[in-house]
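Under the working numbering, residues 14 to 199 are what the sequence shown spells out, in order.
Below: one structure, written as structure tokens.
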Amino acid sequence: MAQPHRAVLPEDCRMDQRAGTEIGRMFLLGRISEAKYWAAERWQSIITQFHVVLATPMVGGSSLGRMVAPGIGQDEASGNSERPETEEEMHDRVLAQHGAAMRVLRDIDHAPLVFMALEHVVLKGLPASAKQVERLNQGLSALCRLWKMDEDGAGYPQRAGTRKTAHSKAPWPYDEKEVKIVYADD
């Protein structure tokens, strides 16, 4: 096998892209819930963004950077309410998200051990010992509560083409409708 880290997974789960990370393999093996998997992914994203914010100096934008070419053949009003996030807004958002996550994790019993397990498994992608899995679950449960994620995974849509895992759910419970959009040249 060209990718030995996938060898521990059942044959039908080896092609899943989540098998590329340790936390993904833990989910596919049923060692953590889907909510905890998504909490780990979100926590990793917040930590990455936090390090970007710390390493990026706050610079003022130039007036040249604010100039935007008019949209050709586009509805002029369509982009009025949409604009990219400014550096200051991203800075504030990332610091608020990071601060909230860190406060929740610091309030856990044995917080340093939980942080070590999260760093070891989620950030570094290293295999976890049984004790680390316990601490990892403790930290991810706290993050699930913070972000109001269902621990049992109820309400999560199943990806199209997803193979069955230990946490596979029933099909998407909502009706799907095909919508046709007709564009008229005025």
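All C-beta atoms, glycine included, are put in the ideal place defined by N, C-alpha and C.
- For residue 193, no alpha helix (DSSP H) run applies, since DSSP gives it neither H nor E.
- Distances from the CA of residue 53 to each of 127, 188, 143 and 65 were compared; the closest alpha carbon is that of 127.
- Here residue 130 is near residue 149, since their CB atoms are less than 7 Å apart.
- Here the alpha carbon of residue 38 sits roughly 45 Å from the alpha carbon of residue 196.
- In chain order, 121 and 127 place their CB closer than 7 Å to the CB of residue 151, counting only its own chain and leaving out the 5 sequence neighbours on each side.
- Rounded to whole angstroms, the separation of the alpha carbons of residue 191 and residue 31 is 30 Å.
- Contact between residue 56 and residue 162 fails: their C-beta atoms lie close to 11 Å from each other, not under 8 Å.
- Straight-line spacing of the CA atoms in residue 68 and residue 35 works out to 27 Å.
- 7 Å or more divides the Cβ of residue 110 from the Cβ of residue 60.
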